[in-house]
Amino acid sequence: MEEDAEAFLAQVRLRRRELRSNAKVVPITLDQVYSLKVEGIAFRFLPDPIQIKNALELKAADIKSGFDGVPVFQSDLLVVRKKNKRFFPIYFNKEDIEKELSKVSRASRGTGLSQHIMVGSLEDVLRKMEMSEKNSGWEDLIFIPPASKQQLHQLEALEVYSGWEREFMG
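FYI, the numbering for the sequence shown is 16 to 185, going by this note's numbering.
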């Protein structure tokens, strides 16, 4: 994924002379995106090529035609309940939603998980969330970060702790 981001940055720098020294690619959390918009910083989401392939397979679309946006995956079989409220998780990785579906549904026995997975684009979901009326259901979505990213953050935290332990406890 980092290589894809760097390749995109190289393309931008070739096409736009004024961006050669100022453009950069940085990982950013979804909640920070809105502050960028307020500050007037231009940005673009870069989808994971593997997830684009997964989305196209689910949509039974021609892989050469591409996918517009960052793919996100959802299933009506997955609902998170908290108190008297229901939330509908949206996943960034097809593998993560398949893992959850296999835990909670009988879909894994028989016909397969993919028929229970819907695919859309993050940009469309965000647009609909912004434009929706209160109690329309769009405010009941929760975004589930990729498991690989969660594990990476846990690993980084562990490495920081281990380094601290060696340095101060040593």
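All residues carry an ideal CB built from backbone N, CA and C; glycine is no exception.
Query	Result
Tell me whether V134 sits in a helix, a strand or coil according to DSSP, three-state version.	strand
Check each candidate in E72, E138, S90 and name the one with the smallest Cα separation from L61.	E138
Buried or exposed for S90, please, with buried defined as at least 16 other CB atoms from any protein chain shown within 10 angstroms of its CB.	buried
Indicate the three-state DSSP secondary structure (helix, strand or coil) for I43 in the structure shown.	coil
Can you give me the C-alpha to C-alpha distance between R59 and M133, rounded to a whole angstrom?	24 angstroms
Have a look at the DSSP bridge pairing and note the partners of F88.	Y106, V134
State the DSSP-derived secondary structure class of K118, mapped to helix, strand or coil.	helix
So K109 packs on Q66, CB below 8 angstroms; how close in whole Å?	6 angstroms
Would you check if the distance between the CB atom of F158 and the CB atom of I112 is smaller than 8 angstroms?	no
Rounding to the nearest angstrom, what Cα-Cα distance links R101 and K118 in this structure?	19 angstroms
Would you list the residues sitting across from L156 in a DSSP beta bridge?	F103
Determine the direct distance from the alpha carbon of A75 to that of K149, and round the result to whole angstroms.	34 angstroms
If N69 and P86 are in contact, beta carbons under 8 angstroms, what's the gap, nearest whole angstrom?	7 angstroms
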